[in-house]
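Data first, discussion second: the structure below is written as C-alpha cells.
Number of protein chains: 2
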Amino acid sequence: MKLKRTHTCGELTLSEVGKMVVVSGWVDNWRDHGGVFFIDLRDRYGKIQVVFSPEKGDLYEKSKKLRSEFVVSVRGKVQKRPEEAINPELPTGEIEIYAEELEVHNTSKTPPFELKDYVDVSEDLRLKYRYLDLRRTKLQKTLILRHQVAQLTRQFFSGENFLEIETPFLTKSTPEGARDFLVPSRLHPGKFYALPQSPQTYKQILMVSGFDRYFQIVKCFRDEDLRKDRQPEFTQIDVEMSFVEEEDVMNIVEKFMKFLFKEALNIELKTPFPRLTYQESLDRFGTDKPDTRFGLELREVTSIFKNTDFKIFKSVVEAGGYIGTLVVPEAVGYSRKELDELNKWLISMGAGGLAHIKFTNNTFEGGISKFLSGHEGEALKKELGLTQDAMIFVVADKRKEFAQTMLGFLRNHLGEKLNLIPGDVHHLHWTTEFPLLEFSEEENRYVARHHPFTSVKEEDMHLIDSEPHKVRARAYDLIYNGNEIAGGSIRIHKREMQEKVFQLLKMTPEEAREKFGFLMDAFEYGAPPHGGIAFGFDRLVMLLAKAASIRDVIAFPKTASAVGLMEQTPSEVDETQLKELHLKILKE
Amino acid sequence: MKLKRTHTCGELTLSEVGKMVVVSGWVDNWRDHGGVFFIDLRDRYGKIQVVFSPEKGDLYEKSKKLRSEFVVSVRGKVQKRPEEAINPELPTGEIEIYAEELEVHNTSKTPPFELKDYVDVSEDLRLKYRYLDLRRTKLQKTLILRHQVAQLTRQFFSGENFLEIETPFLTKSTPEGARDFLVPSRLHPGKFYALPQSPQTYKQILMVSGFDRYFQIVKCFRDEDLRKDRQPEFTQIDVEMSFVEEEDVMNIVEKFMKFLFKEALNIELKTPFPRLTYQESLDRFGTDKPDTRFGLELREVTSIFKNTDFKIFKSVVEAGGYIGTLVVPEAVGYSRKELDELNKWLISMGAGGLAHIKFTNNTFEGGISKFLSGHEGEALKKELGLTQDAMIFVVADKRKEFAQTMLGFLRNHLGEKLNLIPGDVHHLHWTTEFPLLEFSEEENRYVARHHPFTSVKEEDMHLIDSEPHKVRARAYDLIYNGNEIAGGSIRIHKREMQEKVFQLLKMTPEEAREKFGFLMDAFEYGAPPHGGIAFGFDRLVMLLAKAASIRDVIAFPKTASAVGLMEQTPSEVDETQLKELHLKILKE
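Structure representation (C-alpha cells):
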C-alpha cells in the first residue's frame, strides 16, 4: 500500500478545502464528462466525488479504466465544487477531491445485481453473493444499528451491576419443546453434546452461585422446521436476577427499554408500561400479544343470544361457548364481494365462518340481521354502544379461546387493511398471568407454556392437583406494537416444587433426574428466589430498524431450509471425520 | 418474598447507622455467643454481621436454626459495633445489623467442601458442584474481572469505530490444522455443519463488504486431544481492519492494551511495544514467545568450535549445526546431582543432552572443560564476555532451531527456578516476520504456520517457488510475559495469490474451490487490502487475574477430556433423535 488513508469518504466538508488528503474505498459510480473523469468513492462512512483532470496525463489515462466496485485509494486536494455542481443531498456535496495520485488495490467483475437499496433480484441470489449484498447502504445501516443496540444493552446492564457471564455452547441434550442440534463427541463414542436452546439452566445455576445479576447477549439454537422469520441460530438478550419478584424484573426492563429507545432512536417512552393479564388480553384483543396501537376491541355478546332461535348461535350458547363481535365503522361500506372474501380468509385461518350485520341509520340489515329478534337488536345496540354506522362482525364457537383468537386475527387484518394503525407510534406493554400449562393434543399431556422452570402464583397453588389447567404462572411477556419481544418469569427455586412440575408434565422421576438432576441438586444447597427474562434480539433489532425480514438484521443468515448459500453449508464431510466420530450415515 | 432488599451486604457503613434496612444473602458463618446469635451474611458485594438478640423471642429462636449457606433476608437497624468488636478487615466492619425480622428463603445441605478460597479438594469435585465452587470469593472476583475486561474491550473498539458483527456458528467444515466439531443436519440428510474454529473467513468477507473495522468477542471450537490448559470451546477477541498494514494493526492493539491495563488494573504500559523478528527471537531466547522480563539470553558459539577435537561438537559443526550457550552466574554452585537432574529433564523435553562448564576464578572446570583447548577457552571468554563466576550450559545439535528451542526451554526453567523473573512486571512485545510455512513431517507437506490466508512479505515473493520455506509472512504475535496472547496477519486479498498459497499447501484446485471458493470469488469483486488479529480471551483474562488455570476464568469449563461434570455432558441421546438425523452409532 503506497497511499495511507487520512480521511473517510463521509467526513470531508468545506473546512478541509485546500488540504491534501487520502481517501480509500469503492468506485460507486463513474462518469466520463467530456475530458474530465469523475468517480464517486464510497466507504462505510459516506461518499465523496473525485475529479481526474486531463492535465494530469498518465493519472488521467489510468483513472479512465476505473469501473464500479474497483477498490482504490486517491491522494488529492480538497476543493470547493462549482456552485452548479453542489449536491445538497450528500454531506460531502459541497466539495470534491482533485486527484493527484491513484492506487488501485483491486479490480472487480461486474456484480450480478445492482448494489442499490431496492434491489429487484431473488433473495437467494443476494444471499449467495452476500459480500456484495452487504455493501448496500441500507443493510450496512441496519448492522450498524444492531451494533449500537448491542453496545447500549451492555452499557445499560453493566451500569445496573449485571455481570455478563458466558455460558457453554457444548451443553446437554434435554429436548423439551423444540429439537436440539446435536454435536457428536469424538472422545466419548456414542455420546453427544447439544447446542443450547437457551442458557436457562446455566443462568439459574449462576443465581444459585450468588452472582445476583446476570446478563448475556448470546446465540441460541433450535432445530425447527423453519418458518418464514425463524433462523436455526438466533441471538438472545438473556437476563436473570436474584431476590426479585415480577415487579422488579419489569422495572429494570422498562428502564432498559426507555434507555434504549432514547439512545438508539431518540424516542421517549413513558414508563411504567401498561399491564394486561392474559385473560384480559384475550377478552379484549383475541391474542396474548395484542397490537395496542389501535382500538377495535372484541366485545362478547354471548348472553344476548341466550334464547336465540338462530340455530348456529343456539348450539354454541348451549355448549357453553362464546359469541363475540368487532364493531368496525370503517367497514360499513364493504361490498358483498369484500365480505365474502373476508369470510373465506377467516375460514382459511381455521374459523368455522364469519358472520356480519350492517348497522346503518339505527337499523340492522344484511348478513344475519334476519335472525335478530327486536329484543336482541336492542340489547346489541346497548351492549355495543352503537351510535354510528358500522359493520358488525360476529364469530361464534364452542371453544371460547378459539373464537377469540379468530376475532384477534380479524382485528389485526382489518387494522392493517383499513389503515387504523398509526405510524411512528411505539406501544409497549406487558402481558401477565399466563396459564402455567397448556394441553398438547399431539402429545396427549400438559406441556409448559413458557418452560418447566416457571413458578406458580401463590394463590393458585391449591389448584395444582385438581385443576392444573387453571393454574396461573408467574410469567410475563413484553409486547411491542403487537410483537412479543421478550418473555420471562419468576423461577422455581425449591426441589419439591420443581419435581411437582416435572410430574405434571408427565416426566418420570428418572427422566427428571437424568436431565435436570444437577439443577434440582443445586436447589438443595441454598438457591435464592430468582427470576428473569429473555429478549429475541434479532426481532428487536428488526423492529427498531423497520427491516422487512429478520434476515436483513443478520450478517450471514440461513435460508428457510437452514442452508448457508454463500459458503454452501451444510456440506458433506470426509469419511475419516465420520469414522473418528464413530458414526455412519443411514441411507433412506 | 416478604422482605425486599434495600441494600447489598457490601455497601453499609457508619453513615447508615440508625437506618432500617433489608439485606439478602447466604449465611457465611454463624456463632452462638452465649445468648446472642450472630451470622455473617454474604452476597456478591460483601459480608455483613447480623445480630439476633434473645430480647426478640421467636425471632431469636428462629435464628438459632440458621446454618451455613441458608439463604435469608433480614430486616433490621444498622448499629455501630462496640469498639472491641470492630473488624478492620471488612468494609462493613464498623457496623452490624440488629435483626427485627427474618425470612428464610431456602435451607442448605452441608456443602461437600468448604467454600474458602484455598480448597483442598479434587478439581473434579469442585467442577461437579460448580454452583458451590462459584460461590468462592476468588472465582467470583475472577469472573467479575472477566466481565470488566469484556466490557472495556467493547468500549474501546466501539470508540474506535469498530463494529461488533455476529458471525455464524453453524458454518462449513474446512478442517485445516485442528479437527472441527460437526453438527449433523436433519433437514439435509448426510450433510453437516461445523462449529467455527474461528470467524476468519467471515470477517474477511465483512472487509470485502466494506465494513472497514470489525471486532467480536466470540466463542470458537476445536476438537483437539485436550492439553492441560485448552478447552474445546474458547473465547476470542477477533479484530479485522481494511486499508491497513502491519503497523496499523499493531498501533490499534497497543492503544487497546494500554487502555485495558490502565482501566482494568491501573497499570501504565509504555507504547510502542518492542518488536522482535522471529529470527532474532529464536537467536536470543530460543522461542518465538520469549519471556522478556529477564535476560539470560542465548549465545551462539558454533564458530569457536570449528576445529574442535571433541567428537560430539565436531559432528554438529560439520553438519552445519548449532552450538549455543546459556551463561548462568546464579547456577555456579550447582551440585553434580542438580546438574544431572537438569540434564535428565532436558532430555525428557527431547534434547540429546545438556553439557556444562563451570567458570570460576577465571578458569574452566568440570563438565566438558577437558575438551576445551586453550585457544577455544580464550575465545569463549571473549565471546561470552565472562567476567564473573558462572555455570555455562551448552546445547549442540545439527538442527539449529531445535537446539535453540531446547536452550529456550532451559532458559525458562532456570528463570523460574532461580527466581530471575521479577514479580508485578508487565512486558508486552511483538514477534514479527514469521516463516509463512512449516514442514509437517506427519503430513509430508508444508502447512501454514498461521493460517492459509496470511499474505507474504513483498520482498520474499521471489522465493515462493524456489525456496518456500524461506518466505516470511506478514504475521505478528503479541507476547505478554512469555505468553502468546494474540496473533494476526495482513491477509491475502487477491484470488491468484490465494490460489498460489493453497497450491503450496498441496491443496488441489478442486479442494480449494470446494472449501474456500466463496472467499476467492469474493476477492474478484473488489476486495480491499485488510488485516487483523485475534486474542485468546480466556488466556488474557487468566493472566490479568493471575489465575492458576484457564478453568478458573470460565464459569462452566470442561475437564481435560471435554466432559461437563456438573450437567453430565456429553450424554447419550434418544434413538428417535438419531433417526431424525439419519445417523447410526458404530460400535467399536
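So the protein sequences, as listed, match chains A and C.
Using our numbering, the letters of the first sequence map in sequence onto residues 32 to 619.
Using our numbering, the letters of the second sequence map in sequence onto residues 32 to 619.
Every residue, glycine too, gets a C-beta built ideally from N, C-alpha and C.
All of these numbers come straight from a predicted model, not from anything done at the bench.
Query                                                                                                                   : Result
Neighbourhood of L121 (chain C) by C-beta, 7 Å cutoff - its chain only, sequence neighbours within 5 removed            : K78
N-terminal and C-terminal residue of the beta strand (DSSP E) that G383 (chain A) is part of                            : Counting along the chain, G383 (chain A) falls outside any beta strand (DSSP E), and DSSP gives it neither H nor E.
Buried versus exposed, by CB contacts within 10 Å (16 or more), I378 (chain A)                                          : exposed
Exposed unless 16 or more other CB atoms sit within 10 angstroms - verdict on P119 (chain C)                            : exposed
Between the CA atoms of Q171 (chain C) and I516 (chain C) - distance to the nearest angstrom                            : 23 Å
C-beta neighbour in chain A for M238 (chain C), strict 7 Å                                                              : no
Opening and closing residue of the alpha helix (DSSP H) in which N443 (chain A) lies                                    : 431-448
Boundaries of the alpha helix (DSSP H) in which M238 (chain C) is found, first to last residue                          : 231-239
Chain C contacts made by the stretch 204-222 of chain A, where a contact means CB separation under 8 Å                  : S204, P206, R210, D211, F212, L213, V214, P215, S216, R217, L218, H219, P220, G221, K222
Nearest residue (CA-CA) to P623 (chain A), options A:G383, A:M538, A:D319, A:L575                                       : Given that chain A is displayed from residue 32 to residue 619, the structure contains no residue 623 (chain A) and the question cannot be resolved.
Secondary structure of P453 (chain A), DSSP reduced to three states                                                     : coil
Top-ranked residue by Cα proximity to G562 (chain C), from C:K531, C:V572, C:V284, C:V347                               : C:V284
Range of the contiguous beta strand (DSSP E) that encloses P215 (chain A)                                               : 213-215
Short CB-CB distance (under 7 Å) between Q182 (chain C) and chain A                                                     : yes
Buried or exposed (CB count within 10 angstroms, at least 16 for buried), V4 (chain A)                                  : Within the shown structure, residues of chain A are numbered from 32 to 619, placing residue 4 (chain A) beyond reach of any answer.
N137 (chain C) vs V102 (chain C) beta-carbon contact at 7 Å                                                             : yes
Other residues of its chain near L623 (chain A): CB distance less than 7 Å, five sequence neighbours each side excluded : A question about residue 623 (chain A) goes unanswered here, because the residues of chain A that appear run from 32 up to 619.
G398 (chain C), DSSP secondary structure in three states                                                                : helix
Beta carbon proximity, R166 (chain C) to chain A, threshold 7 Å                                                         : yes
Chain A contact residues for R185 (chain C), given Cβ-Cβ distances below 7 Å                                            : Q182, R185
Expected contact under 8 Å - CB spacing of H481 (chain A) and S520 (chain A) to nearest Å                               : 5 Å
Nearest-angstrom Cα separation, counted from L415 (chain C) out to V398 (chain C)                                       : In the sequence on display, residue 398 (chain C) carries Gly and not Val. Their backbone Cα atoms lie some 17 Å apart in a straight line.
Within chain C, the residues that F200 (chain A) reaches when beta carbons sit closer than 8 Å                          : F200, L226, K250, F252, E264
For R244 (chain A) and V275 (chain C), the rounded distance between their alpha carbons                                 : 40 Å
Interface residues of chain C facing K259 (chain A) [CB-CB closer than 9 Å]                                             : Within chain C, no residue comes near K259 (chain A); the closest Cβ sits about 15 Å away, beyond 9 Å.
Host alpha helix (DSSP H) of G190 (chain A) (start-end)                                                                 : 168-190
For S471 (chain A), the three-state DSSP class (helix, strand or coil)                                                  : strand
Residue of C:L574, C:K140, C:V109, C:A116 minimising C-alpha distance to S99 (chain C)                                  : C:K140
Burial state of L617 (chain A), where buried means 16 or more other Cβ atoms lie within 10 Å                            : exposed
Length of the line joining the Cα atoms of S229 (chain A) and D256 (chain C)                                            : 28 Å
Cβ pair A362 (chain A), M437 (chain A) closer than 7 Å                                                                  : no
Alpha-carbon spacing of A504 (chain A) relative to E311 (chain A), whole angstroms                                      : 15 Å
Cβ contact check for the stretch 375-394 of chain A and the stretch 423-443 of chain A: 3 or more pairs under 8 Å       : yes
Short Cβ contact (7 Å threshold) for G107 (chain C) with Y91 (chain C)                                                  : no
Cβ-based contacts, 8 Å cut-off: residues of the stretch 122-142 of chain A near chain C                                 : H136, N137, T138, S139, K140, P142
Sequence-distant residues of its chain with Cβ nearer than 7 Å to R570 (chain C) (five each side left out)              : N514, I516, I581
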